[in-house]
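Student:
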Amino acid sequence: MFGIFRVVAVFGFYLSHNNKTELICCPITKTRLTIPDSVTTIGYEAFFNCENLVSVTIPDTVTSIGESAFYSCESLTNITIPDSVTDIGIKAFSWCRGAKSITISGNVISIGDDAFLGCESVTDITIPDSVTSIGSRAFGYCKKLESITVGENNSNYSSSDGVLFNKEKTELICCPGGKTGVSVPDGVTSISAKAFAICGSLKEITLPDSVTDIGKYAFYDCESLTGINIPDGVTEIRENTFSGCRSLTDITIPDGVTSINDSAFRFCESLANITIPDSVTYIGDGAFGYCENFTDLTLPDSVSYIGSAAFSSCSNLKNMELPDGIDTIRFLTFSDCKSLTDITIPGSVTGIEAAAFSSCTSLTDITIPDSVTNVESCVFEYCDKLNSITVGENNKNYSSDDGVLYNKDKTALICCPCGKTSVTIPDGVTSISEYAFDYCKNIKEIILPDSVTEIGECAFYNCENLTGINIPDGVTKISTRAFSGCSSLTDVTLPNGVTDIGSSAFSSCGSLTKITIPGSIIAISEYAFYSCTSLSDVYFGGTKEQWDAVGFGEKNECILNAAIHFTGSVLKVTSVDYNAKHDQFRLNWTAVPDAQKYVIGYTTNGKTWKVAKIVDAKSTSFTCKNAPKGTYYLVVGAYVNGKVDTTDLAKRAVKVVIR
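Residues 6 to 664, numbered by our numbering, are exactly what the sequence shown covers, in order.
1. Roughly how far, in whole angstroms, is the beta-carbon of Val155 from the beta-carbon of Ile132, given that I think they are within contact range, below 8 Å?
2. Could you give the first and the last residue of the continuous alpha helix (DSSP H) run that contains Cys563?
3. Can you tell me where the beta strand (DSSP E) holding Ala568 begins and where it ends?
4. Only counting the same chain, and skipping five residues up and downstream in sequence, which positions put a Cβ closer than 7 Å to that of Phe488?
5. The alpha helix (DSSP H) with Ala655 in it runs from where to where?
6. Please report how far the alpha carbon of Tyr532 lies from the alpha carbon of Asn561, in whole angstroms.
7. Less than 7 Å separating the beta-carbons of Cys388 and Cys342?
8. Pick helix, strand or coil for Ala632, following the three-state DSSP scheme.
9. Per DSSP, what kind of secondary structure is Glu550 in: helix, strand or coil?
10. So, are the CB atoms of Ala292 and Ile265 less than 7 Å apart?
11. Would you give the residue range spanned by the beta strand (DSSP E) that Arg591 belongs to?
12. Let me confirm a value: Ala585 is counted as buried when at least 16 other C-beta atoms fall within 10 Å, else exposed. Which label applies?
13. Pick from Tyr222, Asp226, Phe545, Val189: whose alpha carbon is nearest that of Asn234?
14. If you follow the beta strand (DSSP E) that Arg37 is in, where does it begin and where does it stop?
15. Give me the Cβ distance between Val384 and Cys421, rounded to the nearest whole Å; I'm assuming they're in contact under 8 Å.
16. Round the Cβ separation of Gly289 and Ala269 to the nearest angstrom and send it over; I've been treating them as touching at under 8 Å.
17. Select from Ala120, Pro87, Ser206, Ile130 the residue whose C-alpha is nearest the C-alpha of Lys148.
18. Tell me, which residues are paired with Phe627 by DSSP?
19. Are the segment 614-628 and the segment 547-562 touching by the rule of at least three beta carbon pairs closer than 8 Å?
20. List the DSSP bridge partners of Leu230.
21. Just mark Glu386 as buried or exposed, buried being the case when its beta carbon has 16 or more other beta carbons within 10 Å.
22. Hey, quick one: how far does the beta strand (DSSP E) through Asn83 stretch, first residue to last?
23. Identify, in the order they occur along the chain, each residue of the same chain with its Cβ nearer than 6 Å to the Cβ of Asp226, setting aside the five sequence neighbours on each side.
24. For Gly356, list the residues DSSP reports as bridge partners.
25. So, Thr378 versus Thr355, is the Cβ gap smaller than 7 Å?
26. Kindly indicate the opening and closing residues of the beta strand (DSSP E) around Asn278.
27. Could you give the first and the last residue of the continuous beta strand (DSSP E) run that contains Phe170?
28. In angstroms, rounded to a whole number, what distance separates the CA positions of Val575 and Asp650?
29. My understanding is that Tyr452 touches Asn475, with C-beta atoms under 8 Å, so please give their C-beta distance in whole angstroms.
30. Measure the alpha-carbon distance for Asp134 versus Ser164 and round it to whole angstroms.
31. Whole angstroms are fine: how far does the CA of Val645 sit from the CA of Gly524?
32. With DSSP run on the structure shown, which of helix, strand or coil describes Asn54?
33. Among Cys101, Ile520, Ser275, which has the Cα closest to the Cα of Ser539?
34. Classify Val645 as helix, strand or coil using the three-state DSSP reduction.
35. Give every residue of the same chain whose Cβ lies closer than 8 Å to the Cβ of Gly186, excluding the five residues on either side of it in the sequence, and list them in chain order.
36. On the DSSP letters alone, give me the boundaries of the beta strand (DSSP E) that Lys149 sits inside.
Structure, rendered in structure tokens:
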């Protein structure tokens with residue numbers, strides 16, 4: 006291999022092949038350079054980012070200038086391409102910002118994509134007769150370029166008023182970036198893709214009636230353009246056609262246009278008025294995203310498809326009337342429409358996708374019609390003023406209660422409006438769906454019924470004002486991020502039977518000081534208590550041996566560094582003895598490891614518990630003499646690490662009757 010290919014250092018740069026025909030690398034410190042006559046090819050990125058290079062002389066022996074050969078040679082002032090060169094590669098002179106003069110020889114056949122992109126100082130360019138192919142954006146971002154001139158005998162291209170056309174002048178290919186106004190001649194039928202892209206100085210353009218096709222990105226980022234007439238023959242507004250036309254204030258889409266494609270008017274921040282004809286059936290993804298000046302918008306009934314994020318971040322849009330023909334409100338369609346107060350979901354809609362109305366911070370209520378069969382999670386995320394979600398009475402899949410969204414039989418709570426401050430969930434609900442209370446930052450109190458057995462992922466994510474929560478006994482798993490970001494929670498008790506605490510379940514609960522974890526726990530996943538910086542006490546309903554056997558994921562230092570209080574196994578009375586006269590009784594129990602003392606508690610009504618006696622840790626029995634007549638329920642609790650086990654008192658109690 007090295008017998009036919011080698012790299013040689015010559016005059017401070019590197020040549021390859023035995024006969025030194027390809028220049029492959031130049032040190033970035035070079036300021037001036039004459040390339041030797043042996044070179045026929047300037048290779049890929051040979052002068053890439055040579056910011057100090059002011060002058061380079063290319064000999065007549067060079068026939069090809071490779072891809073990105075002089076990319077970002079910002080100090081290069083003049084570019085002269087010799088007669089021997091036939092091909093200028095992709096991005097060959099991209100971002101040569103200082104180049105004021107570009108001379109293309111009469112033998113160049115092909116100019117690659119982005120060949121002179123970003124040559125911001127050049128004012129005019131002449132394309133010789135020999136050129137048969139000019140790539141996309143070859144002269145893009147040339148901010149001062151005012152004229153492109155084409156040789157009269159060129160068989161493929163022509164120019165008029167400094168604008169580049171095909172030979173027949175039926176297709177406008179490229180407008181120089183320094184132009185402020187253009188009147189496209191009659192007879193032009195097509196505006197090429199990216200033809201006016203990033204013409205930042207262009208304020209005015211007139212299109213003739215002959216135009217029937219406008220390509221993708223045709224007027225992309227024409228940030229000074231205030232208005233444009235779209236000829237009647239145009240039937241499609243393609244992707245990003247007017248995206249970034251930040252000064253465009255109003256536009257009329259002609260009858261006959263059937264589709265407004267992805268990002269067609271995205272970032273048209275000044276666009277306040279647009280007329281959409283009833284020929285339009287399709288509005289693509291992000292079509293009107295960030296059109297911040299919209300206040301009211303009515304779509305014709307002909308529209309049957311509205312894409313994801315189609316109206317995202319239309320921050321001043323207040324009212325929106327949706328056509329009856331659409332079947333889905335897609336992902337992020339109206340996200341961040343902060344002024345939206347009134348929107349009616351038509352009866353044709355069957356699905357509402359995730360985050361469709363996220364961050365609609367002025368929306369106070371919304372009605373889901375009978376037709377809807379699928380509502381995804383996070384649909385109303387960050388809607389801080391939303392107080393009520395109402396569901397049509399005849400909806401087969403969903404229902405509502407006190408403004409909260411449930412499934413039809415009210416066994417699953419699907420979404421709580423973010424404007425709620427408190428919620429009492431009705432008995433019979435068994436599941437809190439994933440993201441059900443996601444970002445409900447106003448909520449302070451939630452009461453869960455005993456019927457709940459499942460709490461989904463991110464169910465209470467970022468409920469930052471929630472101060473407490475009762476977790477029902479039937480819950481056996483705390484799901485991923487279930488309470489993450491609940492920064493006002495101070496004390497949590499997990500019920501007996503919980504075996505797993507999921508990833509990031511309580512992460513960023515910065516006020517959490519105390520948590521009670523049952524002895525049933527098997528695994529505490531990674532980040533479960535990450536950034537719980539106030540956590541000081543953990544009460545574990547098992548022994549030290551059981552705690553040591555729990556599987557911990559990474560980043561759980563906050564719980565591992567807290568004080569662990571072992572409350573041991575649940576203590577049960579093993580026997581009750583009476584004397585012959587039934588005026589006294591004796592309780593016996595089995596010793597609990599690490600018990601410091603035992604507390605004997607009793608109740609006569611099943612509600613109020615009192616302490617009858619505290620005995621030392623050596624005792625495993627207690628005798629009560631001369632007890633008053635009545636029925637007593639007694640419990641013995643072990644006092645371990647400063648805490649008495651008070652779980653399931655009613656179930657553990659023994660009954661004693663004194664007659």
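Built from N, CA and C at the ideal position, the CB exists for glycine as well.
Tutor: Walking through what the data contain:
1. 5 Å
2. 562-565
3. 568-571
4. Cβ neighbours of Phe488 beyond the five flanking positions: Phe465, Leu494, Ala510, Phe511, Cys514.
5. 654-657
6. Roughly 6 Å between the two C-alpha positions.
7. no
8. coil
9. helix
10. yes
11. 590-594
12. Its pLDDT being 41, under 50, Ala585 is placed unreliably by the model, and nothing is read from it.
13. Val189
14. In this chain, the beta strand (DSSP E) harbouring Arg37 covers 37-39.
15. That belief does not hold up - the Cβ atoms of Val384 and Cys421 are roughly 12 Å apart, past 8 Å.
16. 7 Å
17. Ser206
18. Leu592
19. These segments do not touch.
20. Answer by DSSP bridge pairing: none, since Leu230 is not bridged.
21. So Glu386 ends up on the buried side.
22. 83-85
23. Ile203, Gly249
24. Thr333, Asn379
25. yes
26. 278-280
27. Segment 168-171, the beta strand (DSSP E) holding Phe170.
28. Because Val575 sits at a pLDDT of 49, beneath the cut-off of 50, its placement in the model cannot be relied upon, and the following sentence gives the value as read from the coordinates. The straight-line gap from Cα to Cα measures roughly 7 Å.
29. Looking at the sequence itself, residue 452 is Ile, so the reference to Tyr does not match. Yes, Ile452 and Asn475 are in contact; Cβ-Cβ is about 7 Å, under 8 Å.
30. Straight-line Cα distance between these residues: approximately 12 Å.
31. 14 Å
32. The answer is coil: DSSP assigns Asn54 none of H, G, I, E or B.
33. Ile520
34. In this structure, DSSP gives Val645 an extended state, which the three-state scheme calls strand.
35. Leu207, Lys208, Glu209, Ile210
36. Neither: Lys149 is in no beta strand (DSSP E) and is coded neither H nor E.
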